[in-house]
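These protein sequence lines are chains A and U, in that order. For the first sequence, counting from 1, position 15 maps to 15 in this note's numbering; every step adds exactly one. For the second sequence, counting from 1, position 98 maps to 1098 in this note's numbering; every step adds exactly one. Written out below as structure tokens is the structure these notes cover.
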Amino acid sequence: MTSRTATLVRRTTLLLGTTAAFVAVAGPASADVAEGWSDPKDVDAWHALLVLGAIPLGLGLLITALVYVPALIRGERVAPNAPAVENQWIGGPGRGAKELAGPDTAESEAGGASARW
Amino acid sequence: MEQVPAGDPFTKAEHFALDDAIRKAEQASRMEFSVFVGNADGDPRAFATSLHNSLVVPARSILIMLDPTRRALEVVTGGFVRRTLSDAEVELAVLAMQSELAAGDLVAGLLRGIHLLAEHARAPQTLHAD
Chain A
1 MTSRTATLVR RTTLLLGTTA AFVAVAGPAS ADVAEGWSDP KDVDAWHALL VLGAIPLGLG
61 LLITALVYVP ALIRGERVAP NAPAVENQWI GGPGRGAKEL AGPDTAESEA GGASARW
Chain U
1001 MEQVPAGDPF TKAEHFALDD AIRKAEQASR MEFSVFVGNA DGDPRAFATS LHNSLVVPAR
1061 SILIMLDPTR RALEVVTGGF VRRTLSDAEV ELAVLAMQSE LAAGDLVAGL LRGIHLLAEH
1121 ARAPQTLHAD
């Protein structure tokens, strides 16, 4: 057996021994409920599932509904990729931007200016 | 505070103010004003000229296109409009709008632009000396 393996075995044995000693010492402490302490009954598994699972889930669904249902009733888009601004004309022809004429060519007489901010 | 529907950057009062500004600008300049606020497809300038060409009388029309998402502003003027409203004057109006837009105030930017464009597009009054 090499010295490295022997060291590993020694350390593992020490770790397991220490752990077992701690568990052996702590065991009697959890054996009985101390006098004067309350001793409630065990919690029913279904009751725990209801309190820890169903109620938070129901509240989540309720909050989601309260947020989204009014917007859906108003006919608004709630998809995450919905554009921030809907196309709209003010003082224009009122048509959408889908039925457009072609852009200007080099012969166009139109002018104007551009900017970015 | 007035509620704004999702996707609409303007309140009803702001819509009213913009409609009113356009009406007054058209009365003052005798030109057609149109504002498009939305998402420009592709090149903003090409999209704006497409919008302009889709108007009823493009030659007499001034189009302001604003894309808040891409932060693009385009003003397109028709051939007839350019007789009284030069591109340099449009540039000045666009610069004024740009400062308001950079401050995050779309309505102020549009109102200022409409007002300035109408002022410059107004045909000069001829003084007859007879």
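Cβ coordinates follow ideal geometry from the N, Cα and C atoms, glycine included.
- With respect to the 9 Å criterion, A1040(U) and E1074(U) are classified as neighbours on the basis of their beta carbons.
- Non-local beta-carbon contacts of L1018(U) in its own chain, meaning distances under 8 Å to residues more than five positions away in sequence, involve F1010, V1035, V1107, L1110, L1111, I1114 in chain order.
- Interface residue (Cβ-Cβ distance to chain A less than 9 Å): D1105(U) is not classified as such.
- R116(A): not part of any alpha helix (DSSP H); member of the beta strand (DSSP E) spanning 111-116, first to last residue.
- For F1080(U), there is no enclosing beta strand (DSSP E), since its DSSP letter is neither H nor E.
- Distance between S1054(U) and L100(A), taken at the CA atoms: about 6 Å.
- If you draw a 10 Å sphere on the C-beta of L1063(U), you find 16 or more other C-beta atoms in it, and that means buried.
- The bridge partners DSSP lists for F22(A) come to none.
- Residue pairing from DSSP leaves F1010(U) without any beta-bridge partner.
- If you check each beta-carbon in the stretch 103-116 of chain A against every beta-carbon of chain U, the ones closer than 8 Å belong to P103, D104, S108, E109, A110, G111, G112, A113, S114, A115, R116.
- Taking 8 Å as the upper bound for CB-CB distance, P103(A) and S1050(U) are in contact here, some 5 Å apart.
- Taking the CA atoms as reference points, L14(A) sits about 10 Å from A21(A).
- Per DSSP, reduced to three states, the secondary structure at E99(A) is coil, with no helix or strand assignment.
- Every beta strand (DSSP E) of 3 residues or more that sits fully in the stretch 1040-1119 of chain U is shown, in chain order, as 1061-1067, 1072-1077.
- Rounded to whole angstroms, G60(A) and V67(A) show a C-alpha spacing of 11 Å.
- Interface with chain U (9 Å Cβ-Cβ cutoff): P56(A) is excluded.
- Look at A101(A): its C-beta is under 9 Å from a C-beta on chain U.
- Judged by DSSP in its simplified three-state form, S1034(U) adopts strand.
- The secondary-structure analysis by DSSP pairs W89(A) across a beta bridge with F1036(U).
- The beta carbon of L1117(U) sits closer than 6 Å to those of I1062, A1093, all from its chain and outside the five residues before and after it, given in chain order.
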